[in-house]
Amino acid sequence: MTDKLLKQHKRLLEQQHKLPYTIKLDGEVFTIIIYTKLNKVAGVTVVNSKDEPATMKEAEAVVNRIQKYNFYFEYLGKRAHVIKERDSIIAEKIEQTQLILNDNTIFGEQMQPTIDELNLAMEVYKQQQRKLDVYQEDITLLNQKIKMQGEILEEDWESAENLSIAFTKAAYAQSIYLEATRKNRKQLAKWFHLHQKELPTEKQKALGKIVSVLSDTNAGLVFDQIISLRPLLEEGLMLDHEQSLTQRAAEFNKEFETHCRFYKPNINKVKNLIRQ
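First residue of the sequence shown? That's 1 in full-length UniProt numbering, and the numbers climb one at a time after it.
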């Protein structure tokens, strides 16, 4: 098969779709067509308002803008794909069963600090999850607005940047507290297994419920998935992991906000995909 026929054959396997919004650049409006093959981007075509192919310089600038918008919500997209809204469900289950951990007459002096750390981490998890749910709804509304108006306005870029920063800050605080108290969850389960028969029936049932919710096949699985995405949040940042959790969260907030506001996409990653 000749190179020309091979290229034609490969193109037949492609699917194409036009982005539901345009990009404005130096007063000109550009439309973007994405070609995909096996769910991966195989090519990008940029055309101007006259339906003519953009110059390479224009196409690179437009693709750069798309990369930036995608960067804002890259973590959200991967998290949604992995977690599938189970984070919100788990937060509700913890809210319904966590009260027993406030009973400081159950665990004894040696175990109590472990429970206190775990209890705090669950409060942080729930608090940040409430924020994430609100931000995700706002992001959905923003994307719907852009789709309806058919373009990304200057105010939309500002909203996207602010929502990206807010969502990512909440996600990072959640992930580092979950990671730091992973061992606490296992210690609680072990303690319950050894001491449950010593507890009054009511307390035994209540503690059994939260132990079940936090088990490795329930909340523990979702927590580990959230923790596994932490490197994506830290990508491109220089952070000190030896600090306290509050210091780590504060440092991340400062570093990520600067990184996000001054983010410049690497056009070399997609330059070969641009078609003219």
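Quick reminder that beta carbons are idealized off the backbone N, C-alpha and C, glycines included.
On the premise that K126 lies in contact with residue 283, defined as a C-beta separation below 8 Å, what is that separation, rounded to the nearest angstrom?
Nothing can be reported for residue 283, as the shown portion of the chain is limited to 1 through 276.
Under 7 Å between C-beta atoms of E151 and T22:
E151 places its beta carbon less than 7 Å from that of T22.
Report, in whole angstroms, the separation of the C-beta atoms of V211 and A189, which I expect to be a contact under 8 Å.
About 5 Å separates the two Cβ atoms, so the contact holds.
Taking the straight line between their C-alpha atoms, what separation do you get for D87 and A219?
When only Cα atoms are considered, D87 and A219 end up about 8 Å apart.
On the three-pair Cβ rule with 8 Å, is the region 22-33 touching the region 61-71?
Counting Cβ pairs under 8 Å, three or more are found: they touch.
Can you tell me whether G220 is helix, strand or coil according to DSSP?
In the structure shown, the three-state DSSP call for G220 is helix.
Could you give the C-beta distance for A170 and Q128, rounded to a whole number, given that I count them as a contact under 8 Å?
Correct: roughly 4 Å between the Cβ atoms.
Given a threshold of 16 other Cβ atoms within 10 Å of its Cβ, counted over all protein chains shown, does V46 qualify as buried or as exposed?
A buried status is given to V46, since no fewer than 16 other beta-carbon atoms sit within 10 Å of its beta-carbon.
Straight-line gap, I115 to A121 (C-alpha atoms, nearest Å):
C-alpha of I115 to C-alpha of A121: approximately 10 Å in a straight line.
Answer yes or no: do V29 and I274 have a C-beta to C-beta separation smaller than 7 Å?
No, the pair does not count as a contact, with Cβ atoms beyond the cut-off.
Whose C-alpha, out of T140, Y177 and S244, is nearest the C-alpha of I227?
Ranking the options by Cα distance to I227, first place goes to Y177.
Residues bridged to K40 by DSSP?
Beta-bridge pairing links K40 to K37.
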